[in-house]
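There are 4 protein chains.
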Amino acid sequence: MTNTNVQYGDYLQLENILNAQFPESDKHQLPAHDEMLFIIIHQAYELWFKQLLYEVDSVAEIMSKPAVNDNSPELQTVVHRLSRMVTILKLLVHQIDVMETMTPMDFLDFRDMLRPASGFQSWQFKALEARLGLQYKQRFGQEYYISQLKQDKIDIIRKAENEKSILTLLNEWLERMPFFEEPGNWTNYKAVTPVEAGPEHIFWQDYRQLYSGGLAEAEKDNREYFNTVFADANAGGERNLSPKACRAALFIMLYRGYPLLQLPFQVLNSLLEIDEQLSTWRYRHMSMVHRMIGSRIGTGGSTGKDYLKGALDKHFIFAEIARLTSFLIERRKLPVLSHEMGQRLGFQ
Amino acid sequence: MTNTNVQYGDYLQLENILNAQFPESDKHQLPAHDEMLFIIIHQAYELWFKQLLYEVDSVAEIMSKPAVNDNSPELQTVVHRLSRMVTILKLLVHQIDVMETMTPMDFLDFRDMLRPASGFQSWQFKALEARLGLQYKQRFGQEYYISQLKQDKIDIIRKAENEKSILTLLNEWLERMPFFEEPGNWTNYKAVTPVEAGPEHIFWQDYRQLYSGGLAEAEKDNREYFNTVFADANAGGERNLSPKACRAALFIMLYRGYPLLQLPFQVLNSLLEIDEQLSTWRYRHMSMVHRMIGSRIGTGGSTGKDYLKGALDKHFIFAEIARLTSFLIERRKLPVLSHEMGQRLGFQ
Amino acid sequence: MTNTNVQYGDYLQLENILNAQFPESDKHQLPAHDEMLFIIIHQAYELWFKQLLYEVDSVAEIMSKPAVNDNSPELQTVVHRLSRMVTILKLLVHQIDVMETMTPMDFLDFRDMLRPASGFQSWQFKALEARLGLQYKQRFGQEYYISQLKQDKIDIIRKAENEKSILTLLNEWLERMPFFEEPGNWTNYKAVTPVEAGPEHIFWQDYRQLYSGGLAEAEKDNREYFNTVFADANAGGERNLSPKACRAALFIMLYRGYPLLQLPFQVLNSLLEIDEQLSTWRYRHMSMVHRMIGSRIGTGGSTGKDYLKGALDKHFIFAEIARLTSFLIERRKLPVLSHEMGQRLGFQ
Amino acid sequence: MTNTNVQYGDYLQLENILNAQFPESDKHQLPAHDEMLFIIIHQAYELWFKQLLYEVDSVAEIMSKPAVNDNSPELQTVVHRLSRMVTILKLLVHQIDVMETMTPMDFLDFRDMLRPASGFQSWQFKALEARLGLQYKQRFGQEYYISQLKQDKIDIIRKAENEKSILTLLNEWLERMPFFEEPGNWTNYKAVTPVEAGPEHIFWQDYRQLYSGGLAEAEKDNREYFNTVFADANAGGERNLSPKACRAALFIMLYRGYPLLQLPFQVLNSLLEIDEQLSTWRYRHMSMVHRMIGSRIGTGGSTGKDYLKGALDKHFIFAEIARLTSFLIERRKLPVLSHEMGQRLGFQ
């Protein structure tokens with residue numbers, strides 16, 4: 001490596017970064033001290049959203065490869081980058097503490113000057129939700145959020161929605177898991193045998209009986225979900241994960257101790273943590289907005305906190321994985337895997 | 001001070017504290033490693049609940065004194081202890097990260113052995129909610145939560161409900177605020193003049209006109225709330241804060257810059273932060289429970305997360321203060337206080 | 001307010017912010033995934049440094065006013081903005097968790113391409129230290145850090161060093177505190193009576209006797225410091241705070257319960273918290289650098305962690321305030337203030 | 001599982017836990033409000049120390065098994081529990097925020113009543129350091145800390161020091177890593193061939209040449225360390241990790257992408273994080289003590305912060321692993337492993 005001559009300020013483009021704050025209250029000759037905080041915290045959020053999109057794209061790229069479902073270095077990289085996303089999301093939650101050092105009265109000094117700008121115009125955040133797997137039709141208040149965006153930004157989100165999301169890639173990856181394949185077919189990924197026959201069928205049949213107790217104490221809609229998971233692949237058109245994929249995920253959770261299932265388990269776990277941090281962020285965000293503007297109309301022209309509340313309940317992207325925890329049974333009651341299966345899931 | 005001879009272990013009663021963990025899974029000869037974490041984290045929570053109750057009692061005692069509404073050292077102590085409560089609640093939220101290092105499968109190893117024990121039997125937490133101002137009739141799922149508790153614990157909560165809560169004391173303290181009294185009456189706390197007459201009436205009449213814009217863009221139920229705040233004291237039997245008290249709180253928010261209003265503003269702000277941290281704790285707690293047991297029945301015999309979800313929406317104790325932020329107007333549009341009023345709110 | 005037409009992206013200058021990341025590893029056709037994180041986290045740090053400088057400048061401006069040492073709204077604003085700085089610094093400490101998701105091997109992929117750029121070239125951070133009160137002559141490794149900077153950046157720091165720092169303004173503000181003035185002179189700020197005579201002299205004489213015990217158990221250099229604090233103003237040329245100012249600070253700590261001393265106490269407390277968070281940030285930063293590059297030479301051309309270690313011990317800006325805690329005595333042993341003094345420190 | 005009848009309060013032994021707070025200031029009829037916080041926060045710390053000891057013991061037990069160095073479920077459990085320890089340590093750092101809500105004046109109200117009790121009498125924390133691998137001879141201020149403890153507590157720590165520590169077990173585990181063994185010997189753990197001969201010798205010889213550049217820019221004592229790592233096992237009697245073990249650790253860091261090295265890398269990483277969190281805790285603890293008592297003598301009879309400062313520099317338990325990061329080279333320059341070696345580190 002020939003010695004380069006990089007300077008800190010040039011490298012970080014600080015001329016652009018540090019001269020990009022133009023408070024509206026100055027333009028109106030009504031300077032409001034806290035508007036600088038308001039601008040800088042949103043710019044920091046957008047920088048982190050860019051980083052999150054960068055990580056999610058790299059994860060999607062790796063998961064698109066056919067060979068990822070053996071424990072290749074790539075899968076370790078997927079886990080590493082997903083857990084980095086979790087770490088970043090925790091920081092974004094913490095960042096709300098800084099925003100809350102602005103009191104409602106301090107915000108009032110300039111909030112009317114920002115209309116109709118609003119955090120709901122953050123196309124990066126919506127693109128992030130889309131890349132993870134949130135579809136337009138699943139969004140709360142679709143018309144509203146479209147109405148907030150200009151066409152070029154809508155196009156960016158649309159594009160993100162049209163790419164293969166992490167959720168879609170997760171489904172394909174889980175369906176490829178050849179736990180119940182013949183050893184000979186271990187490495188090639190032909191369509192798997194239908195659930196109606198072969199070892200998988202038998203395994204899950206046993207499992208359903210073992211689980212019957214847990215099923216009894218579950219809620220009704222949960223029992224229905226349980227059945228679709230063990231029914232054939234055609235059920236539940238509204239679902240993002242096929243029964244086959246759900247069974248693979250459940251199998252990973254149940255037998256995560258086996259070497260070959262350790263990283264896959266970490267993948268599932270990281271995705272649930274991402275969902276949880278996203279929802280924590282929405283919740284703290286909602287509380288903060290409520291505290292800041294009470295029941296007023298937000299600068300975006302509608303009550304932001306209603307949107308946030310709706311999103312809170314509807315935007316769980318990996319909910320189908322989360323629900324599988326209802327179907328776990330005690331380790332000591334688990335079916336013991338055959339020696340051959342054990343070898344398959346081990347390293348030798 | 002004669003030199004005592006205190007030993008660390010005796011002082012902290014470590015013999016009792018460190019020998020109080022008896023995993024059920026050991027009794028059943030089915031040792032589950034993670035049960036120790038489960039016990040210790042709950043014991044840590046209960047220790048902190050005791051501390052929170054200790055602080056809230058001391059705050060209530062101070063606020064019961066008639067003279068507290070000048071800026072006495074006591075009021076500073078109230079602010080200091082309320083913000084300590086906020087700091088502790090933030091720690092309790094963080095503590096959920098530790099609980100989440102337990103996976104659903106690890107919990108399954110012993111959860112059935114705990115029936116019917118359940119976190120909903122934490123009478124200290126319920127007593128804390130009650131001391132702050134949550135009344136029994138406002139609780140979500142009253143019958144359910146009673147059904148979870150033994151009589152002696154119910155009595156503890158009842159006792160807490162029957163004492164004057166922080167919310168009640170806040171109302172009395174705010175009603176005593178003699179902002180619009182005659183200077184001569186400054187120090188004595190006789191019943192204040194009715195709002196229909198005198199300077200207060202005039203002030204708020206002006207204020208309503210100034211605010212009309214904000215009112216226009218508020219939601220319907222908010223407009224109604226606005227009117228009750230400025231109507232006579234008899235309206236809204238369901239309310240915990242009288243119109244008079246709400247007006248005093250609003251006045252404090254609007255003119256917090258005045259020396260005499262600085263600590264009162266910090267009191268209101270700390271109470272809102274306590275509500276926010278409590279609700280964040282409930283939300284993270286709910287997500288954690290969901291992730292841990294899915295849609296199963298909790299050890300307590302019912303779905304804990306439904307209870308938590310209900311509590312989430314209903315248990316905002318200082319909501320009436322929070323709503324007042326809807327009625328703020330820009331500083332630059334505020335009525336300028338009379339010189340006499342200014343002096344009253346200053347130090348000389 | 002005429003309705004403006006502000007758009008989110010334009011308002012936040014996202015075109016500039018989100019297109020300011022140019023990884024060196026791309027230029028070298030050796031793309032390193034983690035360089036994007038490296039760039040974005042440093043840009044986020046610089047955004048927050050700008051905000052901290054913005055707050056510190058506004059605090060300095062307020063503290064430059066002669067009238068600030070009665071409890072005016074300005075003093076409340078000072079407290080509010082200093083504690084906001086504490087909140088931001090806690091976020092910057094947390095941000096290190098994100099940096100630590102980059103492993104040493106991942107950093108190695110591009111670190112050599114960054115030479116000689118280095119975090120030590122962050123002139124904003126050095127300007128922040130200077131504005132708070134760190135003088136050039138007190139810096140660890142002066143030559144080194146100068147060698148890292150280009151002239152225009154050195155000039156920025158020099159300029160910051162030449163303005164009145166918070167520490168200097170704190171000294172002037174404390175010296176103005178007229179606790180022991182004649183009531184008549186309450187509001188004018190003439191030079192105070194020398195400590196050798198008058199009520200202040202008598203007060204501290206009593207205090208020294210009461211404290212004698214504490215002094216006995218203090219370290220030697222601490223005893224010397226104690227004496228200089230109560231000696232005349234000419235002692236200790238190396239000191240940033242005059243004995244007169246130190247006595248005022250000590251008085252505030254001892255009698256903070258009095259209304260007039262409540263905000264001043266919060267000012268002192270916030271400044272100590274800023275120092276503590278800055279040092280925590282340096283410590284975590286040092287650990288992180290150590291973990292990242294071991295004992296290698298940093299990209300800046302010298303071992304960064306040695307610089308950080310040196311700064312860690314030397315860069316406590318408000319150390320002279322912190323040391324005063326050694327001279328406190330139990331509340332119950334405090335000299336009772338005269339009725340007249342009590343009135344002066346109260347509101348009536 | 002027959003339905004048990006466990007009650008929350010009995011299960012958690014709340015009678016013992018919640019009635020174990022006896023403020024000294026009450027006994028002296030000089031009640032100090034904040035002593036309750038002081039007691040409860042220390043009890044919470046001791047509860048968490050018990051949990052940390054519980055986890056470290058379970059990790060030690062697993063690492064004592066001969067077969068742990070293939071990727072068995074046990075190794076995953078080791079990683080899981082070590083990272084749980086990191087999560088708990090982060091909470092303990094956060095807990096200092098709560099302690100800091102106590103001001104020096106509030107502490108003064110009761111601190112003299114606690115003599116000679118002191119946090120340095122926490123035998124659980126010292127046992128934790130010992131179980132991780134800190135030896136008595138490496139401790140800062142050995143005589144001092146012994147003088148603080150009663151014999152029965154000293155015995156507890158001695159016992160912990162005499163058991164095989166995580167550091168010792170790490171060394172044995174790393175030495176067993178048969179990366180350069182003949183394939184046929186893969187599963188048995190006979191003493192490995194001396195470094196002077198065979199594939200390992202050749203591999204590291206190549207590596208030293210590749211690294212020469214990095215060595216040039218390292219510090220002197222680091223170059224010496226580098227040489228000992230590649231010298232025979234007899235060098236450096238003061239060392240806790242043998243050269244053979246260090247080379248294995250370095251190999252794991254360099255080639256962590258290989259399936260078989262993924263969990264071992266996570267083990268090393270978690271141990272470094274534990275060290276880092278422990279040192280962050282010591283640093284924040286030291287700052288807090290400094291702020292609380294200034295330069296006074298601590299209740300333990302000596303200046304606590306000096307002890308903490310000394311410990312800060314000396315008590316890095318896994319420093320020898322941390323230093324290896326100095327010897328990494330860019331991935332693209334790494335020696336490509338032979339096909340046979342690759343297979344060994346893969347799953348087939």
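Chains as they are written, first to last, in UniProt numbering: chain G, 1 to 348; chain Z, 1 to 348; chain L, 1 to 348; chain D, 1 to 348. Here a beta-carbon is modelled for each residue, glycine too, at the ideal position from N, C-alpha and C.
Count the other CB atoms within 10 Å of the CB of residue 153/Z; is the residue buried (16 or more) or exposed (fewer)?
For this step, residue 153/Z is matched to residue 153 along the second sequence. Flag for residue 153/Z reads buried.
Within a Cβ cutoff of 7 angstroms, which residues of the same chain sit near residue 262/L, ignoring the five residues on either side of it in sequence?
Taking the third sequence and counting its residues from 1, one reaches residue 262/L at position 262. Correct list, in chain order: 256.
Can you find a CB in chain Z that lies within less than 7 angstroms of the CB of residue 213/L?
Within the third sequence, residue 213/L is the residue found at index 213, counting from 1. For residue 213/L, the answer is no, since every Cβ of chain Z falls outside 7 angstroms of its Cβ.
Could one say the Cβ of residue 287/D lies closer than 7 angstroms to chain L's Cβ atoms, at least one of them?
Looking up residue 287/D in the fourth sequence gives position 287. Taking Cβ atoms only, chain L reaches closer than 7 angstroms to residue 287/D, which makes this a yes.
For residue 276/G, which of 276/Z, 288/Z and 160/Z has the nearest alpha-carbon?
On the first sequence, position 276 is the one that residue 276/G refers to. For residue 276/G, the nearest C-alpha among the options comes from 288/Z.
Quick check: the Cα distance between residue 10/G and residue 130/L, rounded to an integer number of angstroms?
By 1-based counting over the first sequence, the position of residue 10/G is 10. By 1-based counting over the third sequence, the position of residue 130/L is 130. In a straight line, the C-alpha of residue 10/G is about 23 angstroms away from that of residue 130/L.
What's the C-alpha gap between residue 283/G and residue 293/G?
As a first step, residue 283/G must be located in the first sequence, where it is residue number 283. As a first step, residue 293/G must be located in the first sequence, where it is residue number 293. Distance between the alpha carbons of residue 283/G and residue 293/G is about 16 angstroms.
Following the continuous alpha helix (DSSP H) through residue 96/D, name the residue where it begins and the one where it ends.
Looking up residue 96/D in the fourth sequence gives position 96. Per DSSP, residue 96/D belongs to the alpha helix (DSSP H) from 73-99.
Drop a sphere of 10 angstroms on the beta-carbon of residue 210/D, count the other beta-carbons inside from all chains shown, and report buried for 16 or more, exposed for fewer.
The sequence position of residue 210/D within the fourth sequence is 210, counting from 1. The residue in question, residue 210/D, is exposed, as its Cβ has fewer than 16 Cβ neighbours within 10 Å.
Kindly indicate the opening and closing residues of the alpha helix (DSSP H) around residue 8/G.
Sequence index remark: in the first sequence, residue 8/G carries index 8 (1-based). It spans 8-11 - the alpha helix (DSSP H) in which residue 8/G sits, taken as one unbroken run.
How is the alpha helix (DSSP H) around residue 325/D delimited, first residue to last?
If you number the fourth sequence from 1, residue 325/D lands on position 325. No alpha helix (DSSP H) contains residue 325/D, which DSSP labels as neither H nor E.
Against residue 95/D, what residues of chain G qualify as contacts under a CB-to-CB distance less than 9 angstroms, listed in chain order?
The residue given as residue 95/D occupies position 95 in the fourth sequence. Result: empty, since nearest Cβ-Cβ is about 17 angstroms, beyond 9 angstroms.
Using a Cβ cut-off of 8 angstroms, which residues of the region 233-260 of chain D contact any Cβ in chain B, in chain order?
The chain labelled as chain B is not found among the protein chains of the depicted structure, namely G, Z, L and D.
Quick one: is residue 178/D near chain G, going by C-beta distance under 7 angstroms?
Taking the first residue of the fourth sequence as 1, we reach residue 178/D at position 178. Chain G, which has no Cβ nearer than 7 angstroms to the Cβ of residue 178/D, makes this no.
Find the residues of chain G that neighbour residue 11/Z, judging by a C-beta separation of less than 7 angstroms, and give them in chain order.
Position 11 of the second sequence, counted from the start, is the residue given in the question as residue 11/Z. Within 7 angstroms Cβ-Cβ: nothing; residue 11/Z doesn't reach chain G, min ~35 angstroms.
Can you tell which of 44/G, 82/G, 32/G and 31/G has its C-alpha closest to the C-alpha of residue 56/G?
Here residue 56/G corresponds to residue number 56 of the first sequence, with the count starting at 1. The candidate whose alpha carbon is nearest that of residue 56/G is 82/G.
Which stretch, first to last residue, makes up the alpha helix (DSSP H) that contains residue 273/Z?
As a position in the second sequence, residue 273/Z is number 273, starting the count at 1. Run containing residue 273/Z: 259-293, per the alpha helix (DSSP H) assignment.
Just the chain G side, please: which residues come within less than 8 angstroms of residue 281/L by C-beta, in chain order?
By one-based count along the third sequence, residue 281/L stands at place 281. Under the 8 angstroms cutoff, chain G gives no residues; its nearest Cβ is about 14 angstroms from residue 281/L.
How would you write the range of the alpha helix (DSSP H) that residue 102/Z sits in, first residue to last?
Along the second sequence, read from residue 1 onward, the residue named residue 102/Z stands at position 102. No alpha helix (DSSP H) contains residue 102/Z, which DSSP labels as neither H nor E.
Just curious, the alpha helix (DSSP H) that residue 136/G is in, first and last residue?
As a position in the first sequence, residue 136/G is number 136, starting the count at 1. Per DSSP, residue 136/G belongs to no alpha helix (DSSP H) and is neither H nor E.
Leaving out the 5 sequence neighbours to the left and right, which residues in its chain are closer than 7 angstroms to residue 249/D when beta-carbon positions are compared?
Along the fourth sequence, one-based indexing puts residue 249/D at 249. Around residue 249/D: 174, 268, 321 and 324.
Between the region 92-109 of chain L and the region 120-134 of chain L, can you find at least three pairs of beta-carbon atoms closer than 8 angstroms?
They do not touch, by the three-pair rule.
Give the straight-line distance between the Cα atoms of residue 42/Z and residue 12/D, rounded to the nearest whole angstrom.
Numbered from 1 along the second sequence, position 42 holds the residue referred to as residue 42/Z. Numbered from 1 along the fourth sequence, position 12 holds the residue referred to as residue 12/D. Taking the straight line from one Cα to the other gives about 7 angstroms.
How long is the line joining the alpha carbons of residue 330/G and residue 108/Z, rounded to whole angstroms?
Your numbering for residue 330/G matches position 330 in the first sequence. Your numbering for residue 108/Z matches position 108 in the second sequence. Taking the straight line from one Cα to the other gives about 5 angstroms.
Give the secondary structure of residue 238/G by DSSP, where H, G and I count as helix, E and B as strand, and everything else as coil.
Residue mapping note: residue 238/G aligns to position 238 of the first sequence, counting from 1. Residue 238/G: coil per DSSP, three-state reduction.
Give the interface partners of residue 340/G over in chain Z, defined as CB-CB distance under 7 angstroms, in chain order.
Here residue 340/G refers to the residue found at position 340 of the first sequence. Neighbours of residue 340/G on chain Z: none; closest Cβ ~24 angstroms, over 7 angstroms.
Compare the beta carbon distance of residue 136/Z and residue 161/Z with 7 angstroms and say whether it is the shorter of the two.
On the second sequence, position 136 is the one that residue 136/Z refers to. On the second sequence, position 161 is the one that residue 161/Z refers to. It is a contact, given that the beta carbons lie within the stated cut-off.
For residue 34/L, name the three-state secondary structure that DSSP assigns.
In the third sequence, the residue the question calls residue 34/L occupies position 34. Residue 34/L: coil per DSSP, three-state reduction.
Please list, in chain order, the chain L residues whose beta carbon lies closer than 9 angstroms to that of residue 76/G.
Residue 76/G sits at position 76 when you count from the first residue of the first sequence. Under the 9 angstroms cutoff, chain L gives no residues; its nearest Cβ is about 11 angstroms from residue 76/G.
Does the distance from the C-beta atom of residue 176/G to that of residue 101/L stay below 7 angstroms?
As a working mapping, residue 176/G is identified with position 176 in the first sequence. As a working mapping, residue 101/L is identified with position 101 in the third sequence. Cβ distance not < 7 angstroms, so residue 176/G and residue 101/L don't count as in contact.
Between which two residues does the alpha helix (DSSP H) carrying residue 342/Z extend?
On the second sequence, residue 342/Z is found 342 positions in, with the first residue counted as 1. Note, residue 342/Z: alpha helix (DSSP H), 339-344.
Between the Cα of residue 63/Z and those of 334/Z, 74/Z and 89/Z, spot the shortest distance and give me the residue it belongs to.
Start at 1 with the first residue of the second sequence, and residue 63/Z comes out as number 63. Closest option to residue 63/Z, Cα to Cα, is 74/Z.
What residue range is occupied by the uninterrupted alpha helix (DSSP H) comprising residue 226/G?
To locate residue 226/G, count along the first sequence from 1; it is residue 226. Start and end: 220-230.
Taking only beta-carbon positions, decide if residue 156/G is within less than 7 angstroms of chain L.
For this step, residue 156/G is matched to residue 156 along the first sequence. Not one chain L Cβ lies under 7 angstroms of residue 156/G.
Under 7 angstroms between beta-carbons, which chain L residues line up against residue 105/D? List them in chain order, please.
Position 105 of the fourth sequence, counted from the first residue, corresponds to residue 105/D. Within 7 angstroms Cβ-Cβ: 253, 328 and 331.
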